[in-house]
Structure formats: C-alpha cells, structure tokens
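Novice: My questions all concern the structure below.
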Amino acid sequence: MSESLQLSGELVHKLQDVLVEHDERCHDPLVTVQYMSAISGYLLGSQPIPEAKRQEFLGQLAAFMRHVHDDVVRQQQAQQVASPQQSPQEAFGVWRPGDP
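Note that UniProt numbering numbers the sequence shown so that position 59 is 59, with each residue one more than the last.
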C-alpha cells in the first residue's frame, strides 16, 4: 500500500459531489460510503493479480479504513473537548422598561 495519501475534507466533498451527480441519494454520506466501498471492491476485483494477493490486499484495506475512521473520530472528540459548546443560559429575573 502507499506510504502516504493526500486525504482532505475537500477531496472527500469533491468525490461525494461526483457521486451525487450519478445518484442523488449520495447526499446521504452513508450511501456515499457504500458506493466508495463498491468502487474499491470493483477496482480490486478487476486487477489481474493472484487471488491470495487480492485477499491479502482486501484485508489491508479493511484495516486501513478502520485506522482512518478511528483517527477521524479521535480528532473530532479532541476538538469537542477543546471547545465545548456552551449550553444555553437560563434567564431568571424581572425585566422592567428602561432596564438595559
């Protein structure tokens, strides 16, 4: 497998946009994920390589996908901890005309 990939939110959105042009249901990211998995399987299955090597690569892809997934989840959790959303403040008291 490649040593490094240039993955970005922009690339992901562009790929999703292409899939939406093909199938409007791809506005749902879970449908997009299914297409991307099917495309990966199609491309790998089309390669003229021995079956054992294909199966090995398929296992590596599954592990790689899990690694990327877990990394994204960790980053999102870290961002939420770093900047917690403020809960709405409860209002209490009496307002009178002329109060600031």
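Heads up, the beta-carbon is just placed ideally off N, CA and C, and yes, glycines get one too.
To the nearest angstrom, report how far apart V20 and H13 are at their CA atoms.
Specialist: One C-alpha to the other measures close to 10 angstroms.
Novice: Given a threshold of 16 other Cβ atoms within 10 Å of its Cβ, counted over all protein chains shown, does Q79 qualify as buried or as exposed?
Specialist: Q79 should be labelled exposed.
Novice: Could you spell out the range, first to last residue, of the alpha helix (DSSP H) harbouring L15?
Specialist: That run of the alpha helix (DSSP H) goes G9 to H22.
Novice: For a quick check, are the C-beta atoms of R25 and V31 less than 7 angstroms apart?
Specialist: Yes; because the gap between Cβ atoms is below 7 angstroms, this pair is in contact.
Novice: Check Q75 in the structure and name its three-state DSSP category.
Specialist: It is helical.
Novice: Which of the three DSSP states is assigned to S46 in this structure?
Specialist: S46 falls in the coil class under three-state DSSP.
Novice: Consult DSSP for Q80 and reduce its assignment to one of helix, strand or coil.
Specialist: Note: Q80 maps to helix in three-state DSSP.
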